[in-house]
Structure formats: structure tokens, C-alpha cells
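J.: Numbered per mature numbering (1 follows the signal peptide of the UniProt record, and there is no 0), the sequence shown spans residues -28 to -1, 1 to 736.
Even for Gly, the Cβ is constructed at its ideal location relative to N, Cα and C.
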Amino acid sequence: MKKNHQPINKQVKLLFAACLLFSIKSLAQLTPTFVNNASATGDGCYTITTNQQSNSGAAWYDNPIDLTQDFDIVFNAYFGSNINGADGMTFVLKTTPDAVIGIIGGGMGYRNLPDQPSLAVEFDTFRNTTTASGEVINDPTYNHIALQKNGNTSHVSPDNLVAPVQASPTSTNIKNGQEHEVKILWRAETQTFTVIFDCSERFSYTSDLVNDVFEGTSTVYFGFTGSTGSLSNNHYICFKYISFLDINLQDYTICSGEQVDTIDANYTGATSYEWSPATGVSDITIPNPVFTPTETTTYTLTITDNCGETIEQEFTIEVSDLSAEINAVNSSVCNGTDAQFTVTGTPDAEVAYTINGGTQETIILDVNGEAVITLPSVTENQLIELVSIALLQAPFCQVDITASASVEVIGEDASFIITPTCSGATATITGDEGGTFAFNPSPVDGAIIDSATGEITNGTPGAVYSVEYTTQGNCSVSSIVEVALFPEVMFNEPEALVECDSNNGFAEFDLSIAASQIQAGNNMAISFYESQVEAETGDASAQLPVTYTNTVANNQVLWVRVEDNTTGCYAITQLELIIEGLPVLNTPNDLYSCNTNADGISIFDLTENEDVIVNNDQYLSVSYFYDNNGTMVGITNPSAFQNTVSGEQLIWVTVENTSGCTASVSFNIYTGQCFIQRGISPNGDGMNDFFDLTGFEVQQLNVYNRYGEKVYSFSHYTNEWGGQSDNGSELPSGTYYYSINFSDPNPTYGSQHTGWIYINRQVN
């Protein structure tokens, strides 16, 4: 608020607050401390002394004064009614609020004040020429005002800053039973200290008080001292105005249509009031009219006080013109990004709004009247409509408003379909075309993707790839689709089909056997072709029948197409057709056995002829059979076969190679009268190498040389002696003699038999 004062008497200006009524509330801010007989009497009045001899008092206020700023202190002072009474009061500034008092009587409680430095305006109502100690005071004969410092009341000392002047401009006596208005004024800019008494400026003193008096301290405190001596008077003061107290009336803010009826600009001593402008003022001539402005208005009050001084002051009533508007930061945004709106209007107000017609929400405008509404990751058009605006502090106005802003959401479509193929995958764009494809993440298997079409090549069967498609518009978006390539066609490699040769290099093959091997239970379609090209194309007209006779003699390779019935993918493999030759057999010798009991039945080792038959081929499999009335019966123990036909029996030998091809030969076994052989030829040719007594059931065999020396013996002999001695050395060719003991009597030889045998070692 603004104060303008029209000065009187040397253009002295007074400071007045917006609230001119010096109320009990403002006085409550004073924090006095009293010394001796000083006391508070209410309504801003304080007794300094009572009307008693040698009475004294001091009142000190713990309210700091900043000397770098202007201040005014206005009070009414009462000096008693006894024209012969004494001694007076002082107004004091000092650097502490400590409650102290100096010498009383003619010292008025200021002389030799313990707390220094200090500055005092003395209101002296009794003439003292000297002190009791003889110090010269040099008071004039009239009641006077003087400016002193440092607790010194002598007017002839350097501490007398302003010489005594008559207190009242109209009378030498101020002890007249009347209150006298005193104004203490300080103007920091001009460093002028002024005292006005009963509307008359008594002196104006210019000095750098901070440095010249208070030794660099700019914060001071104020108070009053006073005393009586042998003569007395009652002394008191009543405050009218103190500028540095917080009594200012705040400017008002009202809602449209409201009024302000709490302004009270009463000022004690005012003679007239005038408000301007008159618009919205109930009475411009009183201090407390009712204000009803329709717009923000600054009112100026001109007060004329009892001194004839005019005081101008102003305050403002702000009529709250609540308003708000909303704007989109960007009228369009990309799908999935933030939409922002700015709301501007009355600062510190709360704005209510809705989003897309939804629930009402609020936002508070900052001190600049601004706020931002952010809608994150929007996917559809957004509309914000303002509903109302309200103040969050007095007077809590609220106004309905109509304003809106919208944001269009621009959405690009990155959708696509990716379909696996037998060699990779193909992409079909279902959204916005013109974008680019890429792997995300990139595979490490060497797969390739066409950035324009999304086609995947060189992929790994069964592998899963993440494909990202990105549009190329201003609101570029992307989407990722995973594709699993068709798995590799899994099958078993077929074993070669083998058929036995029918002596012409051609045979009939059952291809379904290979098909079963290849399929291995999987859902596969198997077809056979004579060329790779036919297999690759899957030409149905070239497909081979399941029963197939090779067209190339002996060995032939067919091409096999293995097609997955689920995915349609295929693989090509080969099937080898093999014409296997029949085993080549030798015709074996017949076998003979001695009939020791004349029944024609003997035990034969049919395998004796086996190496001869197969020509020592260990990879051939040999089986033995005999005919039983037209039925071939397999012989399970050919090494100990007992003939089933007395005398002579035909034995069939079937030989099978590793390919399953077979050939057969036969030989006879004979059972007849047994004769002991006359010689052996142990040369390793498999014929007559041993002295064979099988079937004779020999209990003991002894062999002697021509000297009668036993060279070999063997118990339970059958076919062990091949011309060796007992120590294993070969016996030389020649005639040897033997002795045989039979387990049972032999029909031919009886229980024991002796004879000779010749060893022939000659090699044929």
C-alpha cells in the first residue's frame, strides 16, 4: 500500500500504515519491560512516574528499530498539572532493550544511563543550572526540548546535539494538565531526525546516527525514562502510532459480487476523511465505509489530522476475475506417446476438468498461472474440457468455465503375418506398407531376411526367429512376430534291398520294406523314382510301383522322395538295389561209421565236411536237414547226429550268405561193418590224418614201435592219434603195433585186439 503525506512545518512527512486505527491488536505487539514505578495502564498508555517526590520509572520496548529505514513514533505525553512540579521525561534510543535507569531528579533517569551509546529527546519541565556535583546543566527558564546523547544532560557539553528549544510554540509551560502530541520522525535517506510537538516542528537534526551516535550499529531499541525530585508531577505517555509495528491492513481479494466491510481507517486527531474513487464506496467521508467494487480497484484515502496535515494512503481490493483456458501442446501425437495440454489462468487457482467425458479431476495453477496436464502413452484421441476454476484461499471463489482442447492420435499400423516355408518364411503386410523388416535379435546361424519383403532364406529348419517390421511414417511404429520354421524332414536312411540272383542279374524287389524303414512311424509320404529330377518334382507319372524289378542288371540306385504330410516339405534320399550271388559250394565226401552192434545206427559228426563245403568261408551260415517222408527236418545238433535210417541216409546241407541267399548240396552217411584201418597219412590234408576208432568204444589204446617200446597211449580213445608220441613229437614213417582194450566186447574183435598200422608221412 502507498502512503502520501502532505507535510506542514518545513515539509516534514509522517509515515502511516494502511490500517490507521492504532488498535489493541497492534499495541499487543509491544513488549515492554519496566523499571521502578513505571507501569502499563491500558490502551497503549504507560505511567512513567507518579505524582510523588523522588519518584522514577522507565519503560523499555523489545521491538527493534532499523535505522536504515524510516520510522515514525507518535504519542501523547502528559507532564502533570502542577506548574511548579518537576522534573520531566526523555525519549531514548539505545542499542539494547535492557531495562535500566540513570540518575533521577534533575537527571530525569537519563543522566549517566548505564547502557550506552544512546540518544535522548529530553522533555525538561524544571530548570536545573548545575548538578549536585557542580556540573553545569544550563537549563533555560522555560519548559524545553533538547537532543542529548551518551547519558549526558548538560547543554554545554559536546553531547548536547540540539540546544534546548521551548517545548510548546505557544507557552513556556507544558505542565498544564493537558496531553501534548509528540511526533518522533526519522528519515533514513536524508538522515534527518525530527521532533514535532503539538503540531509544531521543534527541531530537525541531520546526522549519520548509525555511525556518529551508535558506533556502527543500525538496530536500536526505544523507551522512556522520567523522574521527580523534591517537586513532583504525574508523567505518562499514550501511543497513537508506531510505524514499525505490523499493523498494516492487507489488500483484499474478493469474489465478484462480494463486499469489504472491515476497513477501519480511524485516526485519532483526524478532522476529515475523503475516499477516491467514489465508485463502490458507501460513504467517502467516513473512515470505515463498505466497499463493493465490480473490478479490481485501488482506493486512496486523504486524511486531514489535528495538525492540519493531509495524509494520503491507498489500498487495493482485487476483484477476483477467475479465468482459465486450455491448449494442446501439439494438436496431434503419435500413437503410444504422451499428449500434453497447457492450462493458463488465475495463479494459484484450482481448475477442474474432465478427460474424454470421464470423472472430474483437478489441477492447481502455479504462481504464474500455468499448469501442464500430461496424458501418458495415449492410443486414442483425447479431449479435455474445463469445468470450473476456484481459489484455494480466501475468498475461495469458484466460477464455471467452458473451454476445451483436443489431441488427435495418429496411429500407424505395423501388423504383419509371417508364414513358414520349407526353405524359410514369407511375410505378408496387413498394416501400413513401405516399412522395413529386420531380425530382432539377429540370429547367428547365417539366416537372411529381405528388408523389403520380410522373406527369410538360409534359415535353420525348426529354428525360431523374431522378425520386426517398422513403418516409415512420421509416427513410426514397429511390431515383432516370432516364426518357427518348418522342422527338417526327419527320416531313417533305408538299408539296401538285397535279392538273390537267379542267374540273370535281375530280381523282383518289395519297395514297401524300404518305405517302412524310411517312415519309422512318422507321417510321411514315400515315393520311389529312377532319377533325381523325377524325385525332386514328385512327378506322379514317374513314380515306381511298390513291387519293382530292377532295370539295371546286378545293382541299381533308386531316388526316394520323403515328404512330410503336415508341412509339405520333402527330402531326397537314395535306395540301393543289390542282386546278391548264391553261395559257391563244394561237394563233400560221404561219411562212414562202423556198426559196432549190427543195428545199422551210428553217431555222425556231420560238420566234418563243413569247411570243405563252404571252402572255409566263415561268413556263410550252414544248416543240415534230412528227408522224413517228404518233409525236410532240420538237424539241431549236427556234430552228434544219429542216423534215422539204417545203413545209408541222405543228408542235405543248406548254406546261406549274409544277404540271405542260399545254395544246397548233399552227401550220404553209411553205417556198416567196422574194420580197423591199416595206415594213416598225417599230412594235414583232412583226409586219413588220424587213427580213427570212433564207434569202437575203445577203453585203452597203446602203440609200440618195432622194438616193442610203447610210444603212445590214451584212455577212452576215439580219434586222437595222428602219429605222435606221448611227448608230442612226430613218429617217423614206418610200421607200428597197437593193443586195443574195448569197453564192451566187439562182435568182430572181442574184448581185446592187437594189430599193426603204418605211418606214411610222404606228402602227395
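Go through the stretch 486 to 518 residue by residue and report every complete run of the alpha helix (DSSP H) that reaches 4 residues or more, in order.
T.: As far as the stretch 486 to 518 is concerned, its whole alpha helix (DSSP H) runs of at least 4 residues are 504 to 509.
J.: Which of the three DSSP states, helix, strand or coil, is assigned to Leu(-15)?
T.: For Leu(-15), the predicted model reports a pLDDT of 44, less than 50, meaning its position is unreliable and no value from the coordinates is stated.
J.: Please tell me whether Gly123 has its Cβ less than 8 Å away from any Cβ of chain C.
T.: In the structure shown, chain C cannot be found, because there is only a single protein chain.
J.: Would you mind sorting Gly77 into buried or exposed? The rule is 16 or more other CB atoms within 10 Å of its CB.
T.: It counts as buried.
J.: Which full runs of the beta strand (DSSP E) of 3+ residues lie inside the stretch 76 to 111, going along the chain?
T.: Complete beta strand (DSSP E) runs here, min 3: 90 to 96.
J.: Per the contact definition of three or more C-beta pairs closer than 8 Å, is the stretch 85 to 96 in contact with the stretch 110 to 130?
T.: At 8 Å Cβ cutoff, the stretches touch.
J.: So, for Pro717: in the same chain, excluding its five sequence neighbours on each side, which residues have a beta-carbon less than 8 Å away from its beta-carbon?
T.: Ser723.
J.: What residues in its chain sit with their C-beta under 8 Å from that of Tyr542, if we drop five residues either side in the sequence?
T.: Excluding sequence neighbours, Tyr542 sits near Cys394, Val461, Gly510, Arg533, Val534, Glu535, Asp536.
J.: Just mark Ser90 as buried or exposed, buried being the case when its beta carbon has 16 or more other beta carbons within 10 Å.
T.: Flag for Ser90 reads buried.
J.: Quick check on Trp32: buried or exposed, where buried means 16 or more other Cβ atoms within 10 Å of its Cβ?
T.: Buried.
J.: Taking 6 Å as the limit between beta carbons, can you name the residues of its chain near Ser(-6), skipping five residues before and five after?
T.: Caution is warranted here: a pLDDT of 43 is assigned to Ser(-6), below 50, making its placement in the model unreliable, and the coordinate value is therefore given only provisionally. For Ser(-6), where only same-chain residues beyond five positions count, there are no Cβ hits under 6 Å.
J.: Under 8 Å between the Cβ atoms of Ser304 and Glu384?
T.: No; because the gap between Cβ atoms is not below 8 Å, this pair is not in contact.
J.: Taking Asp310 as part of the beta strand (DSSP E), name the residues at either end of that continuous run.
T.: Per DSSP, Asp310 belongs to no beta strand (DSSP E) and is neither H nor E.
J.: Measure the alpha-carbon distance for Gln108 versus Thr101 and round it to whole angstroms.
T.: Residue identity check: residue 108 is Val in the sequence provided, not Gln. Whole-angstrom Cα-Cα distance: 6 Å.
J.: Pro392 and Phe463 - do their beta-carbons sit closer together than 8 Å?
T.: The answer is no: Cβ separation not under 8 Å.
J.: Here's a check: name, in chain order, each residue in its chain whose Cβ is nearer than 6 Å to the Cβ of Leu(-8), leaving out the five neighbours to either side.
T.: Reliability fails at Leu(-8), whose pLDDT of 44 lies under 50, so the model's placement of it is uncertain and no value is given.
J.: Am I right that Asn110 and His127 are in contact with their C-beta atoms under 8 Å? What's the rounded C-beta distance?
T.: Indeed they touch by this definition, with Cβ atoms about 5 Å apart.
J.: For Leu355 versus Asn328, is the C-beta spacing smaller than 8 Å?
T.: Yes, they are a contact pair.
J.: For Glu230 and Thr266, I'd like the C-alpha separation in whole angstroms.
T.: Between Glu230 and Thr266, the C-alpha separation is close to 9 Å.
J.: Can you tell me whether DSSP reads Ser611 as helix, strand or coil?
T.: Helix, per DSSP.
J.: Are the stretch 141 to 156 and the stretch 43 to 62 in contact at 8 Å, needing three or more beta carbon pairs?
T.: Yes, they touch.
J.: Which residue marks the beginning of the alpha helix (DSSP H) containing Asn183, and which one marks its end?
T.: It spans 181 to 184 - the alpha helix (DSSP H) in which Asn183 sits, taken as one unbroken run.
J.: So Asn629 and Glu552 are in contact, right, with Cβ under 8 Å, and what is the actual spacing, rounded?
T.: About 7 Å separates the two Cβ atoms, so the contact holds.
J.: Pick out whichever of Val586, Phe169, Val262 has its Cα sitting closest to the Cα of Ser143.
T.: It is Phe169 whose Cα lies nearest to the Cα of Ser143.
J.: Hey, could you find the ends of the alpha helix (DSSP H) Glu582 is sitting in?
T.: 582 to 586 is the extent of the alpha helix (DSSP H) around Glu582.
J.: To the nearest angstrom, how far is it from the Cα of Pro4 to the Cα of Leu217?
T.: Whole-angstrom Cα-Cα distance: 14 Å.
J.: Of all the options Val625, Arg650, Ile652, Gln649, which has the alpha carbon lying nearest to the alpha carbon of Asn640?
T.: Measuring from the Cα of Asn640, the nearest candidate turns out to be Val625.
J.: DSSP state of Leu673, grouped into three classes?
T.: Strand at Leu673.
J.: Would you grab the beta carbon distance between Ile156 and Phe63 for me? Rounded to a whole angstrom, and I think it's under 8 Å.
T.: Between Phe63 and Ile156 the Cβ distance is about 6 Å, and since that is below 8 Å, they are a contact.
J.: If you compare alpha carbons, which of Tyr596, Tyr441, Phe647, Ser199 is closest to residue 739?
T.: Because residue 739 is not part of the residues shown, which for the chain are -28 to 736, the question remains open.
J.: Report yes if the CB atom of Ile361 is closer than 8 Å to the CB atom of Ser295, and no otherwise.
T.: Yes. Within cutoff.
J.: Beta-carbon separation of Thr200 and Thr21 under 8 Å?
T.: Cβ atoms of Thr200 and Thr21: closer than 8 Å.
J.: Short of 6 Å in beta carbon distance, which residues of its chain neighbour Pro112, apart from the five on each side in sequence? Order them along the chain.
T.: Excluding residues within five positions, the ones whose Cβ falls inside 6 Å are Pro136.
J.: Looking at C-alpha atoms only, which residue of Thr264, Thr272, Thr268 is the closest neighbour of Tyr245?
T.: Looking at the Cα atoms, Thr272 is the closest of the given residues.
J.: Would you tell me roughly how many angstroms separate the C-alpha atoms of Asp223 and Gln163, rounded to the nearest one?
T.: Between Asp223 and Gln163, the C-alpha separation is close to 31 Å.
J.: Kindly indicate which residue of Val605, Leu85, Gly60 has the alpha-carbon position closest to the one of Thr67.
T.: Closest option to Thr67, Cα to Cα, is Leu85.
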